[in-house]
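The next block holds one structure in the form of structure tokens; read it before the comments.
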Amino acid sequence: MVRPSPLSPSSAVLSRESGVLFKLVVVGVLIGLLLIPMIMIGSVLDERLARRDEAVREITQSWGGAQTVVGPVLVVPYRVRLPAVPARVAGERGVPERIEIRRAFFLPRTLEISGEVLSERRYRGIYDAIVYRGVLELSGVFSPPEVEALGLAGADWLWEDAAVSLGVSDLRGTREELVLRLGDEAIVMMPGARGTLFGNGVTAAAGAVDWRGGEVPFSIRLPMDGSGELLFAPVGVRTTVALTSDWPDPGFRGAFLPETREIGPDGFSALWQVSHYGRPYPQQWKEEDNFSHDPFRASFFGVGFVPPIDSYRSVERATKYAVLILVLVFTTYFLFEVVAGMRIHPFQYIMVGAALCLFFLGLLSFSEFVGFGLAYLAAAFLSWGLISGYSLAVLKSGRRTLIIAGLLALIYAVVFVILQLRDHALLLGTLGLFAALAAVMYVTRRVDWYGRNPEAVRPGQ
């Protein structure tokens, strides 16, 4: 009977090196394979996010969308006589003399807006949307129009057809009759904006007002429902907007930030004071100057009513740490193999990785019904319990199981803290990676990867 010859020391070292390297490659391949379920979880997240957005759109369509208030604007038509244009070449017909009706637009000298806006939650199934209901008080003064400055000599001004238009982006949120007060006149405003100045709005006939006799004060009470944001255009030489609301997390946006603001758990108050020097349109212009809705859009300012924490976005951020969590946990198991001489089957790695992936699916599922913090705690506890119990059976050591359980709890805690941070998330994450690398260096500092030092710890021993 021929006995197999024992491996030489160099062959044994080579075998250990090959075994460790092969296992390291296997662990890397397993991490790559576990990215497949993470991609599937990402698809589920996108689908749930799309359903949420659809539910929010349905709510806002029936309640009222983002509201933008532009104006009021005085619209005065005028009649101009256009001379005949003779034919340039023989056989071509010229253009005869004709009369056209055009419009000129005049903005108020002062505009003051004040209002209180109250937030509400509206539900569609398991989804909700933040909407608001408020009442705005608009007041100010129109100065006599300086028609001479428009360069319309010979124009016939039709003051009896003058009108005042107010742009309101979503009239579905205006549920009461709007009344414009011009001096002593009270005029009901009707849907529709004169000309192409606004995409949507209301208009009041103002031909009975003496616009050339002096300044004309105005006021409008504007109740409105909306969602998302509330914006204004600074149409006055001096525009002042004062808002109060019970919404605790406003997002100020647009071309101008408030001069003063107070934000607390019970809501906010903000005051804007905007000069006409900061906008791209004049105080008056004629129709052929081609000023339209776009100049107003460039100067919009206001506030957004957006939920401070979007659980779906938080889950999306959490999934970005999946690879890092897999690498840290698998590295710990791999070090048990290298330092403690254990043998862990690739299938056992897959079971642990599956529990880690289920954490993200559980986080998504729970966050649709409870707050993100509670959802994170529940998903982390379930994943931690699965992996800790499984590790006790695989590692056959309470001490090693405690190491895995403690490491996993620390990883989940650090990731949760990073998700709550905005400005310092990168810094904390980088420090955590330095700490993890330092721990791996410390544990493997005495490992003799080449087997040259008989007193050192060898891989697999």
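Every position in the sequence shown, counted from 1, becomes a number in the working numbering once 216 is added. Idealized CB from N, CA, C, for every residue including glycine.
Alpha-carbon to alpha-carbon, residue j and residue i
{"i": "V453", "j": "V272", "result": "38 angstroms"}
{"i": "F650", "j": "R495", "result": "50 angstroms"}
{"i": "L250", "j": "G557", "result": "25 angstroms"}
{"i": "L354", "j": "E445", "result": "18 angstroms"}
{"i": "R325", "j": "V457", "result": "15 angstroms"}
{"i": "I255", "j": "W279", "result": "36 angstroms"}
{"i": "L171", "j": "G622", "result": "Missing from the structure shown is residue 171; the chain here goes from 217 to 677 and no further."}
{"i": "V451", "j": "R397", "result": "18 angstroms"}
{"i": "G467", "j": "V663", "result": "55 angstroms"}
{"i": "V630", "j": "Q283", "result": "40 angstroms"}
{"i": "V659", "j": "R615", "result": "15 angstroms"}
{"i": "Y493", "j": "Q499", "result": "10 angstroms"}
{"i": "L374", "j": "E475", "result": "41 angstroms"}
{"i": "P253", "j": "F576", "result": "10 angstroms"}
{"i": "I479", "j": "R349", "result": "19 angstroms"}
{"i": "S581", "j": "V347", "result": "25 angstroms"}
Beta-carbon gap between residue i and residue j smaller than 9 angstroms
{"i": "F322", "j": "P361", "result": "yes"}
{"i": "R533", "j": "L635", "result": "yes"}
{"i": "R391", "j": "D426", "result": "no"}
{"i": "V380", "j": "V291", "result": "yes"}
{"i": "G578", "j": "A591", "result": "yes"}
{"i": "R477", "j": "A471", "result": "no"}
{"i": "V286", "j": "G417", "result": "yes"}
{"i": "L298", "j": "R314", "result": "yes"}
{"i": "F213", "j": "I541", "result": "No statement about residue 213 is possible, as the shown extent of the chain runs from 217 to 677 and does not include it."}
{"i": "T617", "j": "L626", "result": "no"}
Nearest candidate by alpha-carbon position, reference residue i, set the options
{"i": "D344", "options": "V656, V522, A420, E504", "result": "V522"}
{"i": "S335", "options": "V351, I329, G341, P450", "result": "V351"}
{"i": "I275", "options": "E504, G258, S443, L487", "result": "S443"}
{"i": "R437", "options": "A424, M405, V659", "result": "M405"}
{"i": "E619", "options": "T476, V545, Y497", "result": "Note on identity: in this sequence residue 619 is Ile, with Glu being the wrong assignment. Minimum Cα distance to I619 is reached at V545."}
{"i": "G341", "options": "Y348, L246, R268", "result": "R268"}
{"i": "A538", "options": "F563, L624, H640, Y497", "result": "L624"}
{"i": "E364", "options": "G356, Y497, T419, Y294", "result": "Y294"}
{"i": "V241", "options": "G483, T547, L642, V347", "result": "T547"}
{"i": "P481", "options": "R469, W463, F585, W488", "result": "W463"}
For residue i, the first and last residue of its enclosing beta strand (DSSP E)
{"i": "Q489", "result": "483-491"}
{"i": "M657", "result": "Taken as a continuous stretch (DSSP letters only), M657 belongs to no beta strand (DSSP E), being part of the alpha helix (DSSP H) at 641-659."}
{"i": "A420", "result": "417-421"}
{"i": "S515", "result": "Taken as a continuous stretch (DSSP letters only), S515 belongs to no beta strand (DSSP E), as it is neither H nor E."}
{"i": "D441", "result": "432-443"}
{"i": "R397", "result": "395-398"}
{"i": "T455", "result": "454-461"}
{"i": "G470", "result": "467-470"}
Endpoints, alpha helix (DSSP H) assigned at residue i
{"i": "Y628", "result": "614-636"}
{"i": "F597", "result": "588-611"}
{"i": "R533", "result": "527-535"}
{"i": "P562", "result": "562-583"}
Residue-level contact to chain B via CB, residue i, 9 angstroms cutoff
{"i": "S259", "result": "The chain labelled as chain B is not found in the depicted structure, where only one protein chain is given."}
Whole runs of the beta strand (DSSP E) within the segment 310-378, excluding any shorter than 3 residues: Runs of the beta strand (DSSP E) spanning 3 or more residues and lying entirely within the segment 310-378 occur at 314-322, 326-340, 343-358, in chain order.
Entirely within the segment 252-297 and at least 4 residues each: give me those alpha helix (DSSP H) ranges in chain order. Fully enclosed alpha helix (DSSP H) runs of 4 or longer: not present.
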